[in-house]
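Asks: Just so you know, the sequences run in chain order Y and H. Per our numbering, the first sequence runs over residues 3 to 410. Per our numbering, the second sequence runs over residues 704 to 1289. Below you will find the structure I want to go over with you.
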Amino acid sequence: MRNSVILAALAAAGLVAGTAQAQELAYSQVERGRYLVTAGNCAACHTDMENDGTPFAGGRGLDTPFGVIYSRNLTPDEETGIGLWSRDDFYRAMNEGVNREGQQLYPAFPYTYFTIMPREDVDAVYDYLRTLEPVRAEIPENELPLPLRFRPAVAGWKMLFFEDREFVPDPAQSDAWNRGRYLVDGPTHCGACHTGKNLLGGDREAEYLRGGTLENWFAPNIRGGENGGLAQWEIGDIVEFLRDGRARHTAPMQRMGEVVGLSTQHMTQEDLEAIAIYLKSLNDEPPQAADPITEDRVAAGRSIFFDECAACHAADGSGVPYIFAPLDGSNKLTAEDPSTVIRIILEGAQAVPTEAALGPLAMPAFDWKLSDEQIADVVSYLRQAWSNNAIAVSASDVADMRSYLEEH
Amino acid sequence: MVTRLPDVDVVLVGFGWTGAIMAQKLTDAGMEVLALERGPWRDTPTHFPTTFAQDELRYYWRHGMFQEASQETLTFRNNRSQMALPMRRWGSFLPGNGVGGSGVHWNGQTFRFLPSDFVARSHNEERYGPLPEDMTVQDYGVTYEELEPHFDYFEKICGISGEAGNVNGEIIAGGNPFEGQRSDHYPCPPLQMTFSQDRFAASARNLGLHPFPGPAANLSQAYTNPLGMQLAPCTYCGFCEKFGCGNYSKSSPQTTIIPALMRRNNFALRTNAEVLSIERTPDGAMATGVTYVDAQGELYFQPAGMVILCAYQLQNTRLMLLSGIGAPYDPQTGQGVVGKNYCYQVMSSVDVFFEEEYTNEFVGAGALGMVVDDYNGDNFDHSGLGFIGGGYIACWTTNARPIETHPVPEGVPTWGSAWKKSVRENFLKSTSVGLHGASMAHRSNYVDLDPTYKDRWGRPLLRMTYDFTLNDRRLTAHITPVVKDIARGMGGREIKVNNRRGSYDSMPYQTTHNTGGTIMGTSPADSVVNRYCQSWDVPNLFVTGAGLFPQNAGYNPTDTVAALAYWSADAIVNQYLRAEGPLVQP
Chain Y
3 MRNSVILAAL AAAGLVAGTA QAQELAYSQV ERGRYLVTAG NCAACHTDME NDGTPFAGGR
63 GLDTPFGVIY SRNLTPDEET GIGLWSRDDF YRAMNEGVNR EGQQLYPAFP YTYFTIMPRE
123 DVDAVYDYLR TLEPVRAEIP ENELPLPLRF RPAVAGWKML FFEDREFVPD PAQSDAWNRG
183 RYLVDGPTHC GACHTGKNLL GGDREAEYLR GGTLENWFAP NIRGGENGGL AQWEIGDIVE
243 FLRDGRARHT APMQRMGEVV GLSTQHMTQE DLEAIAIYLK SLNDEPPQAA DPITEDRVAA
303 GRSIFFDECA ACHAADGSGV PYIFAPLDGS NKLTAEDPST VIRIILEGAQ AVPTEAALGP
363 LAMPAFDWKL SDEQIADVVS YLRQAWSNNA IAVSASDVAD MRSYLEEH
Chain H
704 MVTRLPDVDV VLVGFGWTGA IMAQKLTDAG MEVLALERGP WRDTPTHFPT TFAQDELRYY
764 WRHGMFQEAS QETLTFRNNR SQMALPMRRW GSFLPGNGVG GSGVHWNGQT FRFLPSDFVA
824 RSHNEERYGP LPEDMTVQDY GVTYEELEPH FDYFEKICGI SGEAGNVNGE IIAGGNPFEG
884 QRSDHYPCPP LQMTFSQDRF AASARNLGLH PFPGPAANLS QAYTNPLGMQ LAPCTYCGFC
944 EKFGCGNYSK SSPQTTIIPA LMRRNNFALR TNAEVLSIER TPDGAMATGV TYVDAQGELY
1004 FQPAGMVILC AYQLQNTRLM LLSGIGAPYD PQTGQGVVGK NYCYQVMSSV DVFFEEEYTN
1064 EFVGAGALGM VVDDYNGDNF DHSGLGFIGG GYIACWTTNA RPIETHPVPE GVPTWGSAWK
1124 KSVRENFLKS TSVGLHGASM AHRSNYVDLD PTYKDRWGRP LLRMTYDFTL NDRRLTAHIT
1184 PVVKDIARGM GGREIKVNNR RGSYDSMPYQ TTHNTGGTIM GTSPADSVVN RYCQSWDVPN
1244 LFVTGAGLFP QNAGYNPTDT VAALAYWSAD AIVNQYLRAE GPLVQP
């Protein structure tokens, strides 16, 4: 009897709270938040992917150059999640990088991008997150060196690299272009991976979307104008890549596979086109001509290519569009930083299965089969074969990646 | 102790082609489906990537993909006067194991049976009079016309490369003019033929025959199937049969269906789960599920609303016998049905050796070939010949893998330096033309439970009693000369005829086309399942596979096995689920 009274009281309290929030939890508002959360791919970092964690309950270790940072629990659990956070608290985190307790947030949480999001969008995200089932999930302590464990240090970082900005549309450009720029610079935070970072982890303006290294992957140059990494891609190609997970040039794999699988395949056609239109407007500097490799190296690299690679990627490097990446003109292959191509040869890679393309097409691993020198030879050969013109790589580049992969 | 697991709607025993097909259609219909697979999980990038798929020693010689005889084998004898002995190493046929089953390591030769093959008894008796008494040939109970949409769908799932010969009644030059009427063309054009096929086709045409490209599950071009699965063009590496394809170029359950299933919430797969028996209600009228054992040796009872046998023909038949479902066949009385009409395939071939020209047979694919069908089925008049059925004649260039391929002409020693010299001279300059003959059912060919040999669970092994029949001998004697004529016309220096001789020998590899044992038909008196592949005795038990064939046609079985599975799945969804019970009244 006593218990049922308490239960009734609790239910009534819940009902009151529910009424107060009814406005905010209206269908269209939650739906808008859900879409932004999807576009922002919040689930990727805020889910412990490696251990099949509950979505949004955090705990994924993000391997930054400064140490491992564990993502927070975004579910409305009061003790371990953001259950006690107000809308203002949440907006401050997204806009200024400060948590409810007033502590500085590490910029592994990309508030440097989210800061341009208008209050309405951030509120919608908050309202959507409130609809999640609260999950109690203790998050491990970050593994950072001593000076960085001191959160106020982040304030100094922010003075150098963070600006509380608003998105200002460019009236000279189309609506689609402006929408694309908003998405790229804000919610989808493409630059977090695709823009080069300085030694302190801040974006280098001059490297905007020219490719960046993180977790020993090189996220390629995605500028789509003249000389850009996507110069050979049409708008439709970029849309296919983001929507279907397959395109003529390549497929999203590993980290980008997560992005397409969890996020972009669920975005609207208009938004994907807007992103493509914006990226296609970004020109780049002509690349530096590379010193040609020796004829011996060409011969060695070409032999390995014919024995190990040509069956899928075709003898003339044209690949099988939509299935096996063409290597002639590949921006992954010719990237300034060869980490990705070396890594994919060593450990293999899998094209992400999407709603449009269910087959998990994969490239096999060669770490057991090819030596550092052989991989360096074939990569160097391919980086200068056909129309490609990128600098050679050395066996020690491969050895470094091999030992990194053995440790991880 | 047997652990009882939560109920599912359907349990599939085995997860190769027919398991994947059943799972596809039944999960489409909203049923909760669990597949139990005796072997391990297998997928392309992990288990047969291009980096080591073409390992002949591992996969061909050491049987990397096949059922291990130490886990399950069978005993064999040619006739009832002999004592059957266990096959301790596979030879004549190679049963598959693991996810994808034999569908992983097949060649990809994807023929439809002829319309007359499905009505072999009534058709032949109508044309030629009564069949001999010992010839237990039967009609399937289902017709080619009924299966046509299912053939067509499976060919689209696979992206078969070929040239149609009869689309909606229109005969198309370059295709097979004898084939049953098709509703559509093949999804992909034929593979690129090589020197050997060109010579074969020219020779066949000179003889007034009708050569056409073999229908291939090796892709001639990039293709996306109706489930959104992508297949890549074949590289003609010559490692199909006995190997997995690392290039996504061979249609298999892995490359065409399974990834779509793995995303469905109403599908689950349990590997290393070996089904020991089908369980039934106390009155035996209905199946209640299956008992299986896992890799740890733990026993489980998996209850299910329906049980579908999707394992290989040998295992499906054995499981029926071990579970006591249906009357075992008795060759003396001709009574009983389970194990009846075991059939195989009857082969002969003629090798051709060229003096100057290179055949380069190492540039091959599992179903790269030109075929003539003029001597198959009832495409020719059998009056006075004393046999029925026939076979296709083909020049396939499947491979020239060095451990298996040592072509030498007549009269060359079988070992030593003269043999080596001859292999060296002929390796790149030879080819072969083969007859792929039908195997008609005979009263004395059957499978049953062995009275002596048992498996590690103490259960009797399957016993095979099989030999070639008079029909087989007459068939090959009549058609092999045609093979010889074609081979002779190919312009080589010499030929070598490999006649089918003597009794069936279970050791040299011939083909993994074992059929019968759980045959389908029109009456419970002479078949195990009805025309919808539903057990006559236990209506919630269905059977798939080549065990359904009352006799084997002169073709490779996979297309017909798959079409029957889609046909049966269609009947389950559209008839059985509406009114559970026998779909055909005996």
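Heads up, the beta-carbon is just placed ideally off N, CA and C, and yes, glycines get one too. Owing to the predicted nature of the structure, the values given are computational and were not obtained by experimental measurement.
#1: Please confirm if the region 771-778 of chain H is in contact with the region 744-760 of chain H, defined as three or more CB-CB distances below 8 Å between the two stretches.
#2: Between which two residues does the alpha helix (DSSP H) carrying Asn1019 (chain H) extend?
#3: Closest Cβ-Cβ distance between Pro962 (chain H) and chain Y: below 9 Å?
#4: Shortest alpha-carbon distance to Ala898 (chain H) belongs to which of H:Gln1048, H:Ser1135 and H:Lys1043?
#5: What's the gap between the Cα of Pro956 (chain H) and the Cα of Gly717 (chain H)?
#6: Nearest chain H C-beta to Pro366 (chain Y) closer than 9 Å, yes or no?
#7: Using only alpha-carbon positions, find the residue among H:Leu1017, H:Asn921 and H:Arg1159 that is nearest to Gly1072 (chain H).
#8: Closest Cβ-Cβ distance between Phe755 (chain H) and chain Y: below 9 Å?
#9: Enumerate in chain order the residues of its own chain whose CB-to-CB distance from Asn101 (chain Y) is below 7 Å, with the five nearest sequence positions on each side excluded.
#10: Using a beta-carbon distance below 9 Å, is Gly696 (chain H) in contact with chain Y?
#11: Between which two residues does the alpha helix (DSSP H) holding Thr753 (chain H) run?
#12: Name the DSSP bridge partner or partners of Cys1046 (chain H)?
#13: Skipping 5 residues on each side, what residues in its chain have a beta carbon closer than 6 Å to that of Ser396 (chain Y)?
#14: Indicate the three-state DSSP secondary structure (helix, strand or coil) for Cys1098 (chain H) in the structure shown.
#15: Quick one: using the 10 Å Cβ neighbour count with 16 as the cut-off for buried, is Lys1132 (chain H) buried or exposed?
#16: Given a limit of 7 Å on CB to CB distance, which residues of the region 924-940 of chain H reach chain Y?
#17: What are the boundary residues of the beta strand (DSSP E) that includes Glu1197 (chain H)?
#18: Go ahead and pull the three-state DSSP assignment for Phe763 (chain H).
#19: Between which two residues does the beta strand (DSSP E) harbouring Phe1004 (chain H) extend?
#20: What residues of chain H sit near Ala358 (chain Y), judged by a beta carbon separation below 9 Å?
#21: What does DSSP give as the partner residue(s) for Asp1151 (chain H) in the beta ladder?
#22: Spatial neighbours of Ile240 (chain Y) within its chain, please: C-beta separation below 8 Å, excluding the five flanking residues on both sides.
#23: Report the three-state DSSP secondary structure of Val354 (chain Y) (helix, strand or coil).
#24: Per DSSP, which one or two residues make a beta bridge with Lys1157 (chain H)?
#25: So, with DSSP's three-state summary, where would you put Arg1204 (chain H)?
#26: For Asp1153 (chain H), decide whether its Cβ has a neighbour in chain Y, counting only Cβ atoms nearer than 9 Å.
#27: Since Met1223 (chain H) sits in a beta bridge, which residues does DSSP pair it with?
#28: Beta-carbon within less than 6 Å of Ala351 (chain Y)'s beta-carbon, same chain only, minus the 5 sequence neighbours each way: which residues are those?
#29: Can you tell which of H:Ala1256, H:Asp1273, H:Thr1261 and H:Ala1274 has the C-alpha that lies nearest to the C-alpha of Asp820 (chain H)?
#30: Does Gly949 (chain H) come within less than 9 Å of chain Y when only Cβ atoms are used?
#31: Report yes if the CB atom of Ala904 (chain H) is closer than 9 Å to the CB atom of Cys1046 (chain H), and no otherwise.
#32: Please tell me whether Met786 (chain H) and Leu777 (chain H) are closer than 9 Å, where the distance is taken between their beta carbons.
#33: Tell whether a beta-carbon distance below 9 Å holds between Pro892 (chain H) and Gln812 (chain H).
#34: To the nearest angstrom, how far is it from the Cα of Phe1065 (chain H) to the Cα of Val870 (chain H)?
#35: Hey, is Gly69 (chain Y)'s beta-carbon within less than 9 Å of any beta-carbon in chain H?
#36: Keeping to the same chain, check which residues put their C-beta closer than 8 Å to that of Asn975 (chain H); ignore five residues upstream and five downstream.
Replies: On the basis of the supplied data:
#1: no
#2: Gln1016 to Ser1026
#3: yes
#4: Note that residue 898 (chain H) is Phe in the sequence shown, not Ala. Taking only the C-alpha atoms, the option nearest Phe898 (chain H) is H:Ser1135.
#5: 12 Å
#6: yes
#7: H:Asn921
#8: yes
#9: Ala95 and Leu107
#10: Outside the displayed range of chain H (704 to 1289) lies residue 696 (chain H), so it cannot be described from this structure.
#11: Neither: Thr753 (chain H) is in no alpha helix (DSSP H) and is coded neither H nor E.
#12: H:Thr1218
#13: Ala378
#14: strand
#15: buried
#16: Ala925, Leu930, Gly931, Met932, Gln933, Ala935, Pro936, Thr938 and Cys940
#17: Glu1197 to Asn1201
#18: Inspection of the sequence shows that residue 763 (chain H) is occupied by Tyr rather than by Phe. DSSP places Tyr763 (chain H) in helix when its eight states are reduced to three.
#19: Leu1002 to Leu1012
#20: Gly931
#21: H:Arg1166
#22: Gly226, Leu232, Ala249, Leu274, Ile277, Ala278, Leu281 and Lys282
#23: coil
#24: H:Pro1163
#25: coil
#26: no
#27: H:Val1232
#28: Met255, Gln256 and Met365
#29: H:Ala1256
#30: yes
#31: no
#32: no
#33: no
#34: 34 Å
#35: no
#36: Glu740, Arg741, Gly742, Pro743, Asp997 and Ala998
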